[in-house]
Every structure is written in C-alpha cells, then in structure tokens.
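The next block holds one structure in the form of structure tokens; read it before the comments.
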Amino acid sequence: MIEVKLWGETLGVLKYDTKKRESRFAFNPAFDQKKLNVAPILMPHDPEHNGEHGIFSEAKDPFYEGLPPMIADSLPDDFGNDVLKNWLRQNNEDLNNLSPKLKLSYVGKRGLGALEYYPQLTKDNSSPIEIDLRELSEISNKITETNLLPKEITKSTMKEMFMVGTSAGGARPKAVVSINFNTKQILYSNVHMEGFRSIIIKFDKPIEETGESTEIGKIEYIYHKMAEMAEITMSPCGLFKENGLQHFYTHRFDRGDRGEKLHMQTLAGLAGMNPRHSHDYDDVFRILIALDLPYSDFEQQFRRMVFNYVTSNDDCHTKNISFLMDSEGEWRLSPAYDMTFPYQVNKVWKKPHPISINAKTKNVSLDDMYSVGKEFGIKNPQRIVDQILEVSSQWNQLAHRYKLDEDKAVEIYKYFMKQ
Numbered sequence: 000m001i002e003v004k005l006w007g008e009t010l011g012v013l014k015y016d017t018k019k020r021e022s023r024f025a026f027n028p029a030f031d032q033k034k035l036n037v038a039p040i041l042m043p044h045d046p047e048h049n050g051e052h053g054i055f056s057e058a059k060d061p062f063y064e065g066l067p068p069m070i071a072d073s074l075p076d077d078f079g080n081d082v083l084k085n086w087l088r089q090n091n092e093d094l095n096n097l098s099p100k101l102k103l104s105y106v107g108k109r110g111l112g113a114l115e116y117y118p119q120l121t122k123d124n125s126s127p128i129e130i131d132l133r134e135l136s137e138i139s140n141k142i143t144e145t146n147l148l149p150k151e152i153t154k155s156t157m158k159e160m161f162m163v164g165t166s167a168g169g170a171r172p173k174a175v176v177s178i179n180f181n182t183k184q185i186l187y188s189n190v191h192m193e194g195f196r197s198i199i200i201k202f203d204k205p206i207e208e209t210g211e212s213t214e215i216g217k218i219e220y221i222y223h224k225m226a227e228m229a230e231i232t233m234s235p236c237g238l239f240k241e242n243g244l245q246h247f248y249t250h251r252f253d254r255g256d257r258g259e260k261l262h263m264q265t266l267a268g269l270a271g272m273n274p275r276h277s278h279d280y281d282d283v284f285r286i287l288i289a290l291d292l293p294y295s296d297f298e299q300q301f302r303r304m305v306f307n308y309v310t311s312n313d314d315c316h317t318k319n320i321s322f323l324m325d326s327e328g329e330w331r332l333s334p335a336y337d338m339t340f341p342y343q344v345n346k347v348w349k350k351p352h353p354i355s356i357n358a359k360t361k362n363v364s365l366d367d368m369y370s371v372g373k374e375f376g377i378k379n380p381q382r383i384v385d386q387i388l389e390v391s392s393q394w395n396q397l398a399h400r401y402k403l404d405e406d407k408a409v410e411i412y413k414y415f416m417k418q
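What follows is the structure in structure tokens.
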C-alpha cells in the first residue's frame with residue numbers, strides 16, 4: 000500500500016496488486032476534494048462513490064503500468080528508469096522485483112509536482128550535496144549509450160546520479176538540482192535554500208569520435224529565444240558551458256520562489272491521453288474547456304501548436320503539455336517546455352507529429368491552423384500564425400548569433416514551414 004500526500008495532507012491510498020499488475024485508488028475522506036479537484040478529468044469529486052476509483056490495469060494500457068494516470072505521471076521516464084536500474088544493480092537489488100509501487104517509493108518526495116509517496120525507500124540527506132556537473136554529464140551519457148554503469152563509478156557518485164536523475168521525465172539525460180546564480184554553486188537538496196533556484200539541466204552529448212558538442216543544448220536554447228519572440232510563455236532558460244559542451248537548463252515551473260510545490264499534471268496524466276498514441280489538437284483544446292481555463296491559456300496553446308508545426312518540433316506529445324494547480328484549486332496551463340528540434344548526433348531524427356491539426360500530421364496548411372483557431376475562439380488567428388512565421392524566418396540570423404554550426408543550421412531550416 001502506498002500513501003499519497005499533497006502539501007503535507009494525505010490525499011489517498013493506492014493499493015497495487017503485483018501479480019495482476021493493477022491498482023485501485025481511494026481518496027482520503029478528510030481531504031477536501033471538492034475544493035482541490037486534483038484529477039478533475041479522470042477521478043473527479045464524486046461523493047456517491049466515497050472517493051474510491053476502480054481498477055487501473057496494465058493490460059488495458061501498458062504505458063501507465065497499472066496505475067492511475069495522475070500517479071503514473073510521477074514514475075521515472077526512459078532516462079530515469081536507466082539510472083534507477085543501474086543504481087539498484089550496484090546495490091545488488093533484484094530488478095525482477097522492481098514494480099511500479101516500488102518505483103513510487105523510490106521517488107518519494109523528489110518527484111515533479113507536489114505529490115509525495117510513502118513509505119520512502121531512500122533516506123533524506125541531512126545536508127545538501129555538492130554536484131560536479133562534469134562528472135554527472137559523463138556518467139549520464141555513458142548510461143544512455145550502453146544502459147549499463149561503468150564499473151569504476153563509485154557508490155556515492157551513483158547515489159548522486161540517482162537523487163538528481165530519476166525524477167525528471169523524458170529520454171534525454173538530465174538532472175534536477177538547485178543553483179546559486181551568484182556563486183555558481185550547484186547542489187542537490189531536499190529543501191529550499193535561500194539564494195538558490197530549482198532548475199532542470201539537460202546534458203549536452205559529445206560526439207564519440209571527437210568529444211565535441213553535438214550542440215543539442217544550443218539548438219534548444221535558440222528555439223527558446225524564438226519561442227520568446229513568438230510570445231510563448233516559458234520559464235527562464237540558459238546554457239552552462241563545461242569542457243567544450245553546452246548544457247541547456249530551465250527553471251522549474253512546479254516550484255515557487257521559496258520552493259513551494261505546485262500540483263502538476265501532464266496531459267497524459269490529467270486526461271489519460273497516452274503519448275504513444277495519436278491525438279488531435281481538438282482533443283487538447285477540449286481539455287482546456289473542461290478545466291475552465293482563461294482565454295489567455297487558449298491563445299498560449301494555439302501559439303505553441305503553430306510554433307511546433309512551423310519549426311518542426313515533432314516531440315510535442317501529451318507528456319510535453321502540462322497543467323498546474325495551486326493551493327486554492329485553480330488550474331492553469333503551465334509554461335511551455337521541450338520546444339526544440341529533434342536533432343541527435345549529426346543526424347535529424349524525424350517522425351510524424353504525435354498531435355494532428357484537423358486530423359492531419361502531414362501537409363498541414365495555414366488554413367488548417369486558422370480553422371482550429373476559429374473553432375476555439377482564438378482572436379485573429381491569422382495574425383498569430385503570421386507572427387510565428389516571421390519569427391521562424393529569423394532562424395539563420397539567430398543560429399549565426401549563437402554560433403551554431405552552419406551545416407546544422409541549414410539542415411534544420413529545411414524542415415521549417417515557409418510562408
């Protein structure tokens with residue numbers, strides 16, 4: 000049994016059947032679910048059923064591993080799972096026993112958002128841990144290359160990697176840490192520290208033959224600058240330069256200025272929209288309607304939809320759209336994130352867009368975008384589309400300003416929509 004807490008209060012209890020690989024969740028009757036509707040789409044407030052919600056089965060949708068989507072949102076993603084498995088191997092743990100229930104206990108209080116899971120299987124550190132960015136970058140890339148831990152990595156170093164690398168989602172290697180931008184000190188801590196800001200670092204990847212940067216961090220940073228020019232709301236972002244590499248970082252939007260936690264759900268967790276399945280932006284906007292979000296959030300989502308298609312960001316799946324709920328129960332669209340081009344080591348990694356526009360993922364026209372805008376009440380959608388096309392036309396100037404390799408810049412621009 001797992002106790003799920005939110006802001007220090009017991010939200011409910013998760014019962015997981017390891018043999019059947021399915022779970023049940025029951026809200027705590029004392030929790031004010033009417034005021035704080037933490038899962039309004041899939042597990043809304045329903046006094047008639049006493050807060051209990053029926054079986055969530057892995058057989059029905061393997062992506063959620065037999066958990067309620069709200070809770071499955073907290074599970075480690077591809078890179079986090081690789082780190083967790085390596086840490087368990089190093090501690091002589093049997094990976095065959097690694098159930099979703101155990102993963103939640105390893106996440107404990109360290110997950111994104113505000114949900115916490117008890118009992119925890121890792122002890123809180125009594126004092127902050129100083130982070131060696133170069134060392135963690137090297138370990139992260141070795142893990143992603145082989146899925147196996149080099150034998151020379153010490154247990155203490157691997158524990159650091161476990162603490163900072165298992166809570167953030169996504170396939171790319173990353174670390175969740177705190178930084179003092181004045182002193183440049185990077186730490187891992189369980190609690191907020193005065194003068195420090197919580198950030199997520201996405202590690203750059205060196206070219207195997209030369210050790211030079213693949214510039215994936217720089218590409219994402221240029222996309223961030225374009226998104227800002229397109230009036231898309233993002234958390235502050237930047238680059239850390241280290242040993243010829245450039246690691247992209249972004250401020251965490253699920254943490255306040257003093258470390259207070261915001262309840263966060265991806266679209267996959269909030270609405271059960273599996274990111275491995277195809278969806279349409281009509282479905283996305285209907286969730287905004289169901290949450291009763293303000294017009295500004297609709298316009299933001301429209302801008303992001305257009306930007307992703309114009310600049311060929313085809314990693315815009317349902318785990319890359321998120322929502323935040325504050326302590327008063329108000330839901331809002333989160334800042335945008337993972338706005339970048341799918342570029343890997345010296346090659347473009349293209350796939351169909353996971354969310355269609357007007358049921359189309361290819362040959363999407365400007366008229367298709369206008370149509371979606373009009374359907375969901377976007378004011379002057381043509382002006383917004385024109386603005387984003389104008390921003391994207393400045394790609395080459397931005398690439399030159401930030402010294403992106405010219406061949407990469409030319410290759411990426413080939414995939415942009417042109418006016």
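Positions 0 to 418 (numbering that gives the first Met the number 0) are the ones given, in order, by the sequence shown. C-beta: ideal position from N, C-alpha, C; glycine also. Fair warning: this is a prediction, and the values are worked out from it, not measured in the lab.
Span of the alpha helix (DSSP H) around residue i
{"i": "V176", "result": "Counting along the chain, V176 falls outside any alpha helix (DSSP H), though it belongs to the beta strand (DSSP E) covering 173-179."}
{"i": "D81", "result": "77-89"}
{"i": "T156", "result": "154-164"}
Identity of the residues DSSP links to residue i by a beta bridge
{"i": "L365", "result": "Answer is none; L365 lacks a bridge partner."}
{"i": "P205", "result": "S212"}
{"i": "S355", "result": "D279"}
{"i": "S197", "result": "S177"}
{"i": "G237", "result": "Y248"}
Simplified DSSP assignment, three categories, for residue i
{"i": "R275", "result": "coil"}
{"i": "L388", "result": "helix"}
{"i": "F322", "result": "strand"}
{"i": "V3", "result": "strand"}
{"i": "H262", "result": "strand"}
{"i": "L66", "result": "coil"}
{"i": "V12", "result": "strand"}
{"i": "G110", "result": "coil"}
{"i": "L269", "result": "helix"}
{"i": "F26", "result": "strand"}
{"i": "Q71", "result": "Before going on, a small fix: residue 71 reads as Ala here, not Gln. It is helical."}
{"i": "F301", "result": "helix"}
{"i": "A408", "result": "helix"}
{"i": "Y414", "result": "coil"}
{"i": "Y401", "result": "coil"}
Member of the options whose CA lies at the smallest distance from the CA of residue i
{"i": "G164", "options": "K359, I199, I387", "result": "I199"}
{"i": "R23", "options": "K100, H250, E327", "result": "K100"}
{"i": "K217", "options": "D16, A170, K407", "result": "K407"}
{"i": "A167", "options": "I411, M225, F252", "result": "F252"}
{"i": "Y369", "options": "K240, K378, L83", "result": "K378"}
{"i": "N140", "options": "A335, L290, Y15, H246", "result": "H246"}
{"i": "D131", "options": "T143, K158, G110, I383", "result": "K158"}
{"i": "W86", "options": "M160, V283, E193", "result": "M160"}
{"i": "K33", "options": "R382, E329, N362, Y342", "result": "E329"}
{"i": "I387", "options": "M225, D337, E259", "result": "M225"}
{"i": "R18", "options": "D203, Y412, G65", "result": "Rather than Arg, the amino acid found at residue 18 in this sequence is Lys. Answer by Cα proximity: G65."}
{"i": "G7", "options": "G255, T143, L114", "result": "L114"}
{"i": "H44", "options": "I54, N27, K84, A58", "result": "N27"}
{"i": "K102", "options": "N91, N90, T121", "result": "T121"}
{"i": "K417", "options": "G376, S364, L397", "result": "S364"}
{"i": "T339", "options": "L186, N273, M304, S197", "result": "M304"}
{"i": "L5", "options": "Y63, L111, P61, L41", "result": "L111"}
{"i": "S98", "options": "E57, I138, N362, L403", "result": "E57"}
{"i": "C236", "options": "N242, F297, H223, M228", "result": "H223"}
{"i": "S311", "options": "Y342, A289, N319, V82", "result": "Y342"}
Endpoints, beta strand (DSSP E) assigned at residue i
{"i": "H246", "result": "244-250"}
{"i": "H52", "result": "51-56"}
{"i": "I185", "result": "184-187"}
{"i": "L332", "result": "330-332"}
Whole-angstrom distance between residue j and residue i, CA atom to CA atom
{"i": "M0", "j": "D93", "result": "20 Å"}
{"i": "I70", "j": "R400", "result": "43 Å"}
{"i": "S295", "j": "P172", "result": "33 Å"}
{"i": "L13", "j": "V3", "result": "7 Å"}
{"i": "T360", "j": "G271", "result": "21 Å"}
{"i": "L323", "j": "T209", "result": "42 Å"}
{"i": "G169", "j": "T232", "result": "20 Å"}
{"i": "K75", "j": "G107", "result": "Per the sequence shown, residue 75 should be read as Pro rather than Lys. Near 12 Å, if we compare the C-alpha coordinates of G107 and P75."}
{"i": "F239", "j": "E51", "result": "47 Å"}
{"i": "L261", "j": "K350", "result": "33 Å"}
{"i": "V309", "j": "Y336", "result": "16 Å"}
{"i": "E129", "j": "S177", "result": "10 Å"}
{"i": "F195", "j": "Y248", "result": "14 Å"}
{"i": "E214", "j": "S355", "result": "29 Å"}
{"i": "Q381", "j": "R133", "result": "46 Å"}
{"i": "I206", "j": "L135", "result": "17 Å"}
{"i": "Y412", "j": "F180", "result": "33 Å"}
{"i": "E327", "j": "S126", "result": "32 Å"}
{"i": "M263", "j": "H191", "result": "18 Å"}
{"i": "I138", "j": "F375", "result": "46 Å"}
Min CB distance residue i to chain B below 9 Å
{"i": "A358", "result": "The displayed structure is made up of one protein chain only, and chain B is not part of it."}
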